[in-house]
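Below is one structure; the comments refer to it alone.
Protein chains: 2
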Amino acid sequence: MTTHEADTPVSPEVRAAYAYLGAVTERSTAQVWDLVDAVGPLEAAARIRSGRVDDEVAGQTAARRHRVDPRELAERAAEVGARLLVPGDPGWPAVALEPLDRPRRLRRGGTGGVETALRPFGLWWRGPAHPADVLERSVAVVGTRAPTAYGRAVTADLSAGVAVEGFTVISGGAFGIDAAAHRAVLGAGGTTVAILAGGVDRLYPRGNEALLGAVAETGAVVSDQPPGTGVTRYRFLDRNRLIAALTPATLVVEAAARSGALSTATWARVLGRPVGVVPGPITSVSSVGTHLLARERDATLVTRTADLVELAGSMGETAVPPSGGATSWDGLDDTTRRVLEALPTTGGAAPAEVAASAGIAPGITRAVLGRLLGAGVVSRGPQGWRRTGDGGQQLTLPAT
Amino acid sequence: MTTHEADTPVSPEVRAAYAYLGAVTERSTAQVWDLVDAVGPLEAAARIRSGRVDDEVAGQTAARRHRVDPRELAERAAEVGARLLVPGDPGWPAVALEPLDRPRRLRRGGTGGVETALRPFGLWWRGPAHPADVLERSVAVVGTRAPTAYGRAVTADLSAGVAVEGFTVISGGAFGIDAAAHRAVLGAGGTTVAILAGGVDRLYPRGNEALLGAVAETGAVVSDQPPGTGVTRYRFLDRNRLIAALTPATLVVEAAARSGALSTATWARVLGRPVGVVPGPITSVSSVGTHLLARERDATLVTRTADLVELAGSMGETAVPPSGGATSWDGLDDTTRRVLEALPTTGGAAPAEVAASAGIAPGITRAVLGRLLGAGVVSRGPQGWRRTGDGGQQLTLPAT
């Protein structure tokens, strides 16, 4: 899961350039990324600082180009024990973040048309947890800031349960469901990571300062905004994209009809990651949003820890054999293997049939099928989905 | 929705023959139906009575062939104001019951291989409600005999709500959810029908006798078992097939992991009817079965009356224009029209995309697509589902 750059340590100059790029832009824009891709981060930072850029980039960076000092940012970070993780670093989640670059690649012309924040230029990382270790086996647990007693209780049960199974629980550090998730994982001796909308030196909200301090001491507090940054409404929304992108699956425990947690779920869906929801009483306003996700957006019901493990595990990195590599089923997780086993090799089957045959939730089955399609292991035809074995022997099941 | 036989009134002899056939067999078997189809109900009844039948039919009818007296059954029925509805009668739900004949038609050879009860030979009908009126716009509401207070409350709300919308609520007359559904509809002045596992002269369970009496006075109490029949475990299971078959959709409000309501839901699924479930707390054992249906069998979450109307309405008889008939969209219900509008006319779309675009739950969208496919209005190709307009003008939307 490392990139080729990982063999060469990132130089202090490049790291400072990424720090500059992340801080000089309010959002990671398509235009600045185009510039970075064209001339590299060092030269891109230098041109922005000196104003030798086109009008669009100039417009996006003029307000701060003279004011951002990477050294000062690094010092502020060091004061709270944080560092900046950048592309090329070991543990940089390049694969996880890649879909955030899609809107840029899909642009028709060379300019405009991207309204959302893209891949971050870096992640400020405060805490002992190693990025690669925690992000590859993790799940996001999010929800309303005003949960019911039921919502708090099931958040605690599911978060502690999945932490004991070795998953990092990622959330947003907010009151309510987020805090219940972080707290339960800490209590269970697991690893939890809070992704903040502001700087990692400003533990927000204040009421959770002690909790987030404990998260930073054992797991990590993370942000793509530089130290010293306060929170705004759109920074919360941009932050939600990172929660969705950095985890293989997102669970929404409770959410009202309009809730930030729904924005995280929308991001997860856009990024092709499965979304789980905890059902609740239909008489509870705190479950209106989760039921909406299940009804209208095919989110999968999560009713116990095993469901959550399945949700997150189904998108795990070992789920699909690398294309061109070994096609033995040995390395596959249980969910993927069951979906593959349920597929016919001739004709085809509808996802619902495959789901029923495999005993895997339909939403997860479709997600797995999508990934298997990308890996070239299955195909979709007029009759439905089927397995496209590259030779029977290679697809022989290992004895269980 | 009437058959051609409806023009000719069913003779008393034919009605008596069906009464005999229904009572002489414990279950409506493939072999007896084959005989009826071959020689007609009168001759089939005569042959069975005299023993001039093959070994299989003989085995299925020997125990009762001399003991069943249709006249006596009719008298017993008349005592409680009931009558026998048979194939050919106005209001006989031929279309609704047709899928119950599928297992027989799918038999490889001519004998054996059908383990489930098939189409009934008749329906004993006790109550003023007219069969055609109530069955064509109805929904089944079923669930555990041991519900929570939450389950009872939402059953009452949803049942009364859908009754006010003009739907007949059909259930099984049992304690718990069934009783709550019947009671709420009676209270709302709506029409409710109880389908029993035993005879309509034996209102079972005894504790619900007064309630079922009220149902019989305003709606109907119905059974395919003749008057005088007591209940057995497998009669409950056979009865569940009728609840599922006689309604366009089935709602399960609360159900434990093993619950009779799950068997009704399984029948509904087998018959191609949408299944809805009410979500509840994951901490409640009474919601384990409903969550299972949603997770593993694509049941649709129902959280309010409008969801239930959509579930039942999506399979309404006006949903698809008759093949070869008019293709104007005027006669379509709202759900079907929205699904059609969401379909591309070139390329194709996945059901999930169609569902999202139409704002209709994925489970319902798939059910509608299946029916539209059967009607030849849509097609499914390698790129997904699309509309197959028979000329643009005919598919022009009416102004709304």
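Those protein sequence lines, which keep their order, are chains A and B. Each residue of the first sequence is one higher than the one before, counting from 31 in our numbering. Each residue of the second sequence is one higher than the one before, counting from 31 in our numbering. We treat Cβ as the ideally placed atom computed from N, Cα and C, and that holds for glycine.
Quick one: which chain A residues come within Cβ less than 7 Å of Asp364(B)?
Those within 7 Å of Asp364(B) in chain A number zero; the least Cβ separation is about 16 Å.
Any Cβ of chain A within less than 9 Å of the Cβ of Glu326(B)?
For Glu326(B), the answer is yes, since a Cβ of chain A falls inside 9 Å of its Cβ.
Using the three-state DSSP reduction, which class does Trp154(B) fall into: helix, strand or coil?
DSSP places Trp154(B) in strand when its eight states are reduced to three.
For Ala240(A), tell me which candidate among Gly260(A), Val261(A), Ala209(A), Gly228(A) has the shortest Cα-Cα distance.
Among Gly260(A), Val261(A), Ala209(A), Gly228(A), the Cα nearest to that of Ala240(A) belongs to Ala209(A).
Quick one: which residues of the stretch 175 to 194 of chain B get their C-beta closer than 8 Å to a C-beta of chain A? List them in chain order.
Answer in chain order: Tyr180, Ala183, Val184.
Leu331(B) CB to nearest chain A CB: under 9 Å?
Chain A, which has a Cβ nearer than 9 Å to the Cβ of Leu331(B), makes this yes.
Closest by C-alpha distance to Gly70(B), when choosing among Glu43(B), Gln90(B), Arg57(B)
Checked all of Glu43(B), Gln90(B), Arg57(B); the closest Cα to Gly70(B) is Glu43(B).
is_contact[Arg27(B), chain A] using C-beta, thresh 9 Å
A question about residue 27(B) goes unanswered here, because the residues of chain B that appear run from 31 up to 430.
Using a Cβ-Cβ distance cut-off of 9 Å, determine whether Gly411(B) contacts chain A.
Interface residue, yes.
Check Ile273(A) in the structure and name its three-state DSSP category.
Secondary structure of Ile273(A) (DSSP, three-state): helix.
Pairing CB atoms from the stretch 117 to 132 of chain B with CB atoms from the stretch 264 to 277 of chain B, are three or more of them under 8 Å?
A contact is defined here as three or more CB-CB pairs under 8 Å, and the stretch 117 to 132 of chain B meets this definition with respect to the stretch 264 to 277 of chain B.
Strand pairing of Arg410(A), partner residues [DSSP]:
In the DSSP output, where bridge partners are listed per residue, Arg410(A) has Trp415(A).
Below 9 Å on C-beta distance, what does Thr313(A) contact in chain B?
Near Thr313(A) (Cβ distances below 9 Å), the residues of chain B are Tyr180, Ala183, Val184, Asp187.
Buried or exposed for Tyr264(B), going by 16 or more other Cβ atoms inside 10 Å?
With a threshold of 16 other beta carbon atoms within 10 Å, Tyr264(B) falls short and is exposed.
Residue closest to Thr178(B), alpha-carbon to alpha-carbon, out of Gly310(B), Thr395(B), Gly343(B)
Ranking Gly310(B), Thr395(B), Gly343(B) by Cα distance to Thr178(B) puts Gly310(B) first.
So what's Ser253(A) in DSSP terms, helix, strand or just coil?
Ser253(A): strand per DSSP, three-state reduction.
Say whether chain A places a C-beta atom closer than 9 Å to the C-beta of Ile390(B).
Ile390(B) counts as touching chain A.
From Thr375(A) to Val223(B), what does the alpha carbon distance come to, in whole angstroms?
Rounded to the nearest angstrom, the two C-alpha atoms are 46 Å apart.
Does chain A have any CB closer than 9 Å to the CB of Val169(B)?
For Val169(B), no CB of chain A lies under 9 Å from its own CB, so it is not counted at the interface with that chain.
Complete runs of the alpha helix (DSSP H) confined to the stretch 190 to 232 of chain B [at least 4 residues]
List check, alpha helix (DSSP H) in window: 207 to 217.
So, using beta-carbon positions, are Pro123(A) and Pro161(A) closer together than 9 Å?
Their beta carbons are under 9 Å apart, which means Pro123(A) touches Pro161(A) by this criterion.
Against Gly310(B), what residues of chain A qualify as contacts under a CB-to-CB distance less than 9 Å, listed in chain order?
Pro309, Gly310, Pro311, Ile312, listed in chain order.
Which same chain residues end up closer than 7 Å to Ala147(B) when comparing Cβ atoms and leaving out the 5 residues on each side of it in sequence?
Closer than 7 Å at Cβ, skipping near neighbours: Arg57, Ser58, Asp268, Arg271.
Give a yes or no on whether 9 Å exceeds the smallest Cβ distance from Ser289(A) to chain B.
At a cut-off of 9 Å between beta-carbon atoms, Ser289(A) makes no contact with chain B.
Quick check: is the beta carbon of Arg334(A) nearer than 9 Å to any beta carbon in chain B?
Answer yes: the Cβ-Cβ gap between Arg334(A) and chain B drops below 9 Å somewhere.
What does Arg396(B) reach in chain A if we use C-beta pairs closer than 9 Å?
Going along chain A in sequence order, the residues near Arg396(B) (Cβ under 9 Å) are Ala380, Ala382.
Please work out which residues of its chain come closer than 7 Å, Cβ to Cβ, to Ala372(A), disregarding the five sequence neighbours upstream and downstream, and give them in chain order.
Once the five neighbours on either side are set aside, the close Cβ partners of Ala372(A) are Val384, Ser387, Ala388.
Between Ile200(B) and Thr277(B), which are expected to be in contact by the criterion C-beta below 8 Å, what is the C-beta distance as a whole number of angstroms?
Approximately 5 Å separates the beta-carbon atoms of Ile200(B) and Thr277(B); this is inside 8 Å, confirming the contact.
I'd like to know whether the C-beta atoms of Ala47(B) and Pro120(B) end up nearer to each other than 9 Å.
In terms of Cβ geometry, Ala47(B) and Pro120(B) do not form a close pair [threshold 9 Å].
Using 9 Å as the threshold, is the C-beta distance between Ala214(A) and Asp187(A) below it?
Yes, these two residues count as a Cβ contact at 9 Å.
Just how far apart, CA to CA, sit Arg396(B) and Arg135(B)?
So the two alpha carbons sit approximately 25 Å from each other.
Roughly how many angstroms lie between the CA atoms of Arg368(A) and Val339(A), to the nearest whole one?
Roughly 15 Å separates the two Cα atoms.
Reducing DSSP to helix, strand and coil, say where Val315(B) ends up.
In the structure shown, Val315(B) sits in a helix (DSSP, three-state: H, G or I).
Inter-residue spacing [alpha-carbon to alpha-carbon] between Ala92(A) and Glu86(A)
Each residue's Cα considered, the two are about 10 Å apart.
Test item: CB-CB of Ala246(B) and Arg156(B) under 9 Å
The answer is yes: Cβ separation under 9 Å.
Alpha carbon of Thr248(A) to alpha carbon of Val282(B), nearest angstrom:
The alpha-carbon atoms of Thr248(A) and Val282(B) are separated by roughly 45 Å.
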